[in-house]
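Right, one structure below, let's go through it.
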Amino acid sequence: MNRRQFAARSLAAVAGVALYDGSGDAAAKDSTGTHPGAVPESLIQKARFPEGFLWGAATASYQNEGAWNEDGKGESIWDRFAHTQGKVRGGVTGDVACDQYHRYAQDIALAKQLNLKTYRFSISWPRVQPTGVGAPNIKGLDYYSRFVDALLEAGIRPWCTMYHWDLPQALEDRGGWPNRDLASYFADYAGILAKHLGDRITTWAPFNMPWAIAFMGYAAGAFPPCRTRFSDFLKAAHTLALAQGQAHRAVKAASPKATFGSAYEMAPAYPKTGSDDDRAAAERYHAMNNVFFLEAAMHGRYPRAFVGEPPLDVMGFMPGDEKLLYAPLDWVGFHYYTRRVVSDASKEQFQNGGNFSGTEIESNSPGGRDPYTRFRSAMPTEGPLTDAGLEVWPSGIYDLVSRITRDYNHPIIEITESGCGYLDSPDEELHGRVPDTRRILWYRETLAELARAIADGAKVRAYHAWTLLDNFQWAEGYTERYGLIYTDFRNQKRTIKDSGFWYGRVAASNRLDP
Ligand code: IFM
């Protein structure tokens, strides 16, 4: 610890959390420029965000709400998965999670305290339609109505994801996403949401990470419903793309004020070598993992994600589906966490998948990740790793935002999730403060690269940090912490981390050295 850090820490320890003004930044500043891929301090210092830039946070129903069986809510596939022994690390569930169903007023007040102007949340489909079809459960809708009112009162834009992975179990029992009928069920649900909440919500996206819904649930088996057939993955992907288009029309019909976009997962893909084969493989990764659903919406077709012709028959593509897929987005939303290095595997015998975790860190089997795209993708470890195991690579966001800007004719862009998992906890010596210096560093560098993309012409209007509060982190249970606010899951106490205070000042000043 150098003198400046020592002084800052001692001062903060004496002053206690109430007077804390973000002196943890000093440590973050001092450690820039010291890791592979680091961003120069000068770039961070000169970064500026435009007037009116929307700073926010993103969350999800199952990860935050709890109340898994209250007020008529039906069972979701994540309830079933978490209640099955051996599925979630530590045997924990999202039954209570952050208890946000009962504590939302407090959480929205915290968001306001951090100067957030946009809050991305998701609606639990089985809370609104317990079996996924039929008349809405009014108590479920009332909860979201109160939630949205509280956001608006706090001066925060409500940003709604209609589906962040908690499919009604009853629909999985009807075949899940490989069953094409789900596209129409989803459009009915989307119409219900727009009809009841569209007077106040104007920012809608159908799915969080549609590729992951299809692949992790139906090919890799890492997420519920834990199925492992590559053909089911393709069918699920097609149903999701149809559902995206049908929901777009249902939402616009029910709510004239609605704008419709997306929350895609994306990772910039770099070829492992300069060979034509690896370059082509990296393009297939980009097509399959980054823009598959974006191309479907913007152009009514699928991009060149496959070796050879697209397997339309396996997907269950029917004549006229191009028209159903077409749903030009009003703005393009995507996440940024890390990058991938991709190599060709099309000349090898396909064996069977790879090592899949919740974030698909690696697909290294002979023959590639799946029998259709035939590439291997890996997350490099040149940069440092977060506690959640993802490589820190700040310039990836610049490359990604610049490419989408170029390829889609300068669309309005929203960063729908971006953040890092570090396990820092309240420090008694610091009077309970959470000195999560590495998270501040992560955001400073990533945001400096985002500011560079904006300065170069990208029309990015919002950034949602993942996430407001430490929450239920899917199959990893409570062992990863992504929040700007620390959640003590024993008593639901919230403590704003140093990064939260810092982010609040960034939001107020539009600069990274506030
Ligand atoms: O927690 C998840 C979120 O639900 C989807 N995107 C990645 C986050 C961090 O793993």
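In case it helps, the numbering used here puts the sequence shown at residues 31 to 544. The beta carbon of each residue, even a glycine, is placed where N, CA and C say it ideally should be. Note that the structure is predicted; figures quoted are calculated from it, not measured.
- His194 has its Cβ nearer than 8 Å to a heavy atom of ligand 1.
- Contact between the stretch 192-200 and the stretch 152-163 is present, with at least three C-beta pairs closer than 8 Å.
- Runs of the beta strand (DSSP E) lying entirely within the stretch 182-234, each at least 3 residues long, are 187-193 in chain order.
- Set against 8 Å, the gap from the CB of Met318 to the closest heavy atom of ligand 1 is not smaller.
- No residue range can be given for Lys147, since it is assigned to no alpha helix (DSSP H) and is classified by DSSP as neither H nor E.
- Here the stretch 303-320 does not lie against the stretch 253-261, with fewer than 3 beta-carbon pairs under 8 Å apart.
- In the DSSP assignment, Thr525 falls within the beta strand (DSSP E) that extends over Lys523 to Ile526.
- With distances taken between CA atoms, His329 lies nearest to Leu355 out of Met345, Gln522 and Leu355.
- With a cut-off of 8 Å, the C-beta of His494 is classified as distant from ligand 1, since no heavy atom of the ligand falls inside that distance.
- When the five nearest sequence neighbours on each side are left out, the beta carbons in the same chain lying within less than 6 Å of the beta carbon of Val118 are those of Ala112, Ala505 and Gly507, in order along the chain.
- In the DSSP assignment, Thr467 falls within the alpha helix (DSSP H) that extends over Thr467 to Ala485.
- At a threshold of 8 Å, Thr148 does not count as near ligand 1, since its beta carbon sits no closer than that to any of the ligand's heavy atoms.
- In the DSSP assignment, Phe263 falls outside any beta strand (DSSP E) and lies within the alpha helix (DSSP H) extending over Phe260 to Ala284.
- For Arg157, the enclosing alpha helix (DSSP H) starts and ends at Trp155 to Val158.
- Counting of Cβ neighbours within 10 angstroms places Asp203 among the exposed residues, the total staying below 16.
- Fewer than three beta-carbon pairs drawn from the stretch 127-134 and the stretch 226-239 are found closer than 8 Å, and the two stretches are therefore not classed as touching.
- In the DSSP secondary-structure assignment, Val362 is bridged to Ile443.
- For Ala495, the enclosing beta strand (DSSP E) begins and ends at Lys489 to Trp496.
- Judged by their CB atoms, Val431 and Val490 are nearer to each other than the 9 Å cut-off.
- Counted as a single uninterrupted DSSP element, the stretch harbouring Arg406 is not any alpha helix (DSSP H) but the beta strand (DSSP E) occupying residues Phe405 to Ala408.
- For Ala357, no beta strand (DSSP E) encloses it, and the DSSP letter there is neither H nor E.
- Under the 8 Å Cβ criterion, the stretch 365-379 counts as touching the stretch 427-446, having at least three qualifying pairs.
- When DSSP assignments are scanned along the stretch 56-96, the uninterrupted stretches of alpha helix (DSSP H) that are 4 or more residues long and fall wholly within it turn out to be 71-76 and 91-94.
- Closer than 8 Å to some heavy atom of ligand 1: that describes the Cβ of Tyr512.
- Using a Cβ distance threshold of 9 Å, Leu272 and Asp343 do not count as a contacting pair.
- Residues of the same chain with a CB within less than 6 Å of the CB of Glu412, apart from the 5 flanking positions on each side, are Pro66 in chain order.
- Assignment of Asp343 by DSSP, reduced to helix, strand and coil, places it in the helix class.
- When only Cα atoms are considered, Asp172 and Val178 end up about 10 Å apart.
- In the DSSP assignment, Val431 falls within the unbroken alpha helix (DSSP H) covering Ser425 to Asp437.
- Within the DSSP secondary-structure output, Pro301 pairs in a beta bridge with Val372.
- Cα atoms of Lys142 and Lys76: separation of roughly 27 Å, rounded to the nearest angstrom.
- The residue from Ala250, Phe322, Leu181 and Pro358 with its alpha-carbon nearest to that of Ile138 is Leu181.
- Contact between the stretch 302-313 and the stretch 243-259 is absent: fewer than three C-beta pairs spanning the two stretches fall below 8 Å.
- The secondary-structure analysis by DSSP pairs Ile515 across a beta bridge with Leu499 and Ile526.
- For Ala280, the Cβ stays outside the 8 Å cut-off from all heavy atoms of ligand 1.
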